[in-house]
Amino acid sequence: MQSITLTRFLIEQQREANALPSELRLLIETVARACKTISYSVAKGALGEVLGSLGSENVQGEVQKKLDVIANELLLDANEWGGHLAAMASEEMETIHRIPNRYPKGEYLLLFDPIDGSSNIDVDLSVGTIFSVLKAPEECSGREVTEQDFLQSGRNQVAAGYAIYGPQTLLVLTIGTGVYEFTLDREIGSWRMTDGPMQMPQGTCEFAINMARRKQWSTGVARYIDERIEGAEGPCGKDYNMRWTASMVADVHRILKRGGIFMYPADARHPDKARLRLMYEANPMSFLIEQAGGAATNGFGPIMDVQPNGLHQRVGVVLGDRAEVEIVTEYGRETA
Ligand code: F6P
Ligand code: MN
Numbered sequence: 089m090q091s092i093t094l095t096r097f098l099i100e101q102q103r104e105a106n107a108l109p110s111e112l113r114l115l116i117e118t119v120a121r122a123c124k125t126i127s128y129s130v131a132k133g134a135l136g137e138v139l140g141s142l143g144s145e146n147v148q149g150e151v152q153k154k155l156d157v158i159a160n161e162l163l164l165d166a167n168e169w170g171g172h173l174a175a176m177a178s179e180e181m182e183t184i185h186r187i188p189n190r191y192p193k194g195e196y197l198l199l200f201d202p203i204d205g206s207s208n209i210d211v212d213l214s215v216g217t218i219f220s221v222l223k224a225p226e227e228c229s230g231r232e233v234t235e236q237d238f239l240q241s242g243r244n245q246v247a248a249g250y251a252i253y254g255p256q257t258l259l260v261l262t263i264g265t266g267v268y269e270f271t272l273d274r275e276i277g278s279w280r281m282t283d284g285p286m287q288m289p290q291g292t293c294e295f296a297i298n299m300a301r302r303k304q305w306s307t308g309v310a311r312y313i314d315e316r317i318e319g320a321e322g323p324c325g326k327d328y329n330m331r332w333t334a335s336m337v338a339d340v341h342r343i344l345k346r347g348g349i350f351m352y353p354a355d356a357r358h359p360d361k362a363r364l365r366l367m368y369e370a371n372p373m374s375f376l377i378e379q380a381g382g383a384a385t386n387g388f389g390p391i392m393d394v395q396p397n398g399l400h401q402r403v404g405v406v407l408g409d410r411a412e413v414e415i416v417t418e419y420g421r422e423t424a
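First residue of the sequence shown: 89, per the working numbering; consecutive thereafter.
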């Protein structure tokens with residue numbers, strides 16, 4: 089298949105669409121290079137002694153897998169000295185990582201979930217890396233970047249994407265000019281465009297939710313799912329299918345390619361409790377989904393309009409098919 093490389097795509101975006109400053113282009117190339125290295129570690133599996141847990145917990149109180157830590161280090165090391173960043177934040181680190189004084193600094197902030205879906209690593213199912221890029225606020229030039237500087241709404245993202253380590257290794261990216269997919273050609277080591285600009289199919293009948301969490305659902309979410317399970321005999325008048333990978337990257341990728349809706353609602357009994365992180369998961373995925381013609385809400389309003397109050401804040405997530413997201417969100421508003 090003849091297709092352009094990621095590098096060429098980014099240079100063209102810089103020249104033609106004038107949408108991409110060269111610092112951001114180089115930053116995306118660095119993230120892509122780190123994802124390539126992570127993909128080699130993931131693929132080595134037991135042979136590379138990268139499987140299993142470390143016995144430690146991350147800031148979220150979750151058991152850290154060896155690959156969570158390896159991928160976090162790879163992303164930090166790759167991006168530290170490039171000169172494009174002011175600081176980084178990761179799901180695996182308690183606070184932000186400032187660029188050390190021995191390296192040049194830039195104006196961007198990089199946030200990442202190094203290995204998303206890490207419960208899948210040891211059983212050889214797809215995992216991924218999610219990233220989001222913000223600009224450091226202007227007023228922080230000349231002083232140290234703080235955690236507060238990261239607390240910008242998703243609308244401020246200048247780039248977002250994910251790598252998925254599955255049967256193929258893919259990089260799916262937006263810089264606000266559509267969504268593009270690149271496949272890693274392992275023989276020559278480069279990313280080649282295989283889809284884009286991507287528009288997610290609308291009107292397909294597939295939902296993704298962890299059904300075992302039903303007791304945590306609001307009445308609106310329960311109503312939405314019950315109506316779909318009733319299928320052709322119920323108010324929807326058509327049958328639905330269900331898929332749940334337990335790896336957000338894999339579920340969102342399927343939705344981008346095949347349509348449908350993904351939901352991880354907040355716990356209705358404890359509204360401040362949710363599973364997914366706003367800054368590392370919900371915002372970047374919402375940017376991609378909106379750019380591909382879909383919608384993303386926290387169950388009440390657009391995710392990217394949420395003003396963050398903490399680096400590790402969690403939110404309810406409903407994303408994918410525009411009409412389906414609207415129905416769940418409407419049911420949520422009615423019963424709020
Ligand atoms: O990062 C959190 C995550 O692993 C997501 O990738 C995934 O969608 C979700 O958790 C799976 O949660 P559960 O284990 O409750 O199905
Ligand atoms: Mn994750």
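The C-beta atom is built at its ideal place from N, Cα and C for all residues, glycine as well.
All of these numbers come straight from a predicted model, not from anything done at the bench.
DSSP beta-bridge partners of residue i
| i | result |
| --- | --- |
| I218 | D201, Y250 |
| T125 | Note: T125 sits in no beta bridge, so no partner. |
| L259 | A251, F270 |
| S241 | None, per the DSSP bridge assignment. |
| W279 | L272 |
| T417 | DSSP lists no partner for T417. |
Reduced DSSP category for residue i - H, G, I as helix; E, B as strand; rest coil
| i | result |
| --- | --- |
| K303 | helix |
| S229 | coil |
| K361 | coil |
| T265 | coil |
| P396 | coil |
| H341 | helix |
| A356 | coil |
| P192 | coil |
| Q290 | coil |
| D212 | coil |
| V151 | strand |
| G308 | helix |
Any non-hydrogen atom of the ligand F6P closer than 8 angstroms to residue i Cβ
| i | result |
| --- | --- |
| Y352 | yes |
| N189 | no |
| G205 | yes |
| D327 | no |
| N298 | yes |
| R301 | yes |
| W279 | no |
Which listed residue (the options) has its alpha carbon closest to that of residue i
| i | options | result |
| --- | --- | --- |
| R190 | E182, W169, T183, E180 | W169 |
| E195 | L213, E232, V211 | E232 |
| L222 | E161, R243, V138 | R243 |
| R331 | V413, P359, Y312, E294 | E294 |
| N397 | N208, K345, Q236, S214 | Q236 |
| I158 | L139, I116, L173 | L139 |
| Q148 | A247, D201, M373 | D201 |
| L239 | D210, T257, L199 | L199 |
Nearest-angstrom beta carbon gap, residue j and residue i [assumed within contact, 8 angstroms]
| i | j | result |
| --- | --- | --- |
| R410 | G387 | With 8 angstroms as the limit, R410 and G387 do not qualify as a contact, their Cβ atoms being about 15 angstroms apart. |
| T282 | T271 | 4 angstroms |
| I349 | V406 | 7 angstroms |
Residue i beta carbon near the ligand MN (any heavy atom closer than 8 angstroms)
| i | result |
| --- | --- |
| M336 | yes |
| E369 | yes |
| D201 | yes |
| R410 | no |
| E104 | no |
| I218 | yes |
| R365 | yes |
| E145 | no |
| E269 | no |
| E100 | no |
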